[in-house]
Structure formats: C-alpha cells, structure tokens
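Given below as structure tokens:
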C-alpha cells in the first residue's frame, strides 16, 4: 500500500493543519481576533500522525 503525501495548510496562530487553504485562513483569522479556537472550524483539522 502506498501512502500519498498530502499538502496541508497550517494556522500560524494555533498550528492546526487543514486540507484546504480557506479553512486554515479562517482558523488563523479567528485565532488572531479572539485569542481562542472555534470548535466549528477546528472540527475540520487533520489529526497528527
């Protein structure tokens, strides 16, 4: 079985990673403004490992 490397986009504030750039940007904007994470956004974060 081959594991294909997937490009992930990282929120530079909380360092969570997402498959799509738009969601990472939304996460970063929320983190900067509210100094917290939004559960509706981070539900789409990719699991490490």
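In the numbering used here, the protein residues as written are 54 to 102.
Ideal Cβ placement from N, Cα and C applies to all residues, glycine included.
In the three-state scheme derived from DSSP, where H, G and I count as helix and E and B as strand, residue 72 is classed as coil. In this chain, residue 65 is not harboured by any alpha helix (DSSP H), its DSSP state being neither H nor E. Per the coordinates, the alpha-carbon of residue 80 lies some 15 Å from the alpha-carbon of residue 100.
With a threshold of 16 other beta carbon atoms within 10 Å, residue 71 meets it and is buried.
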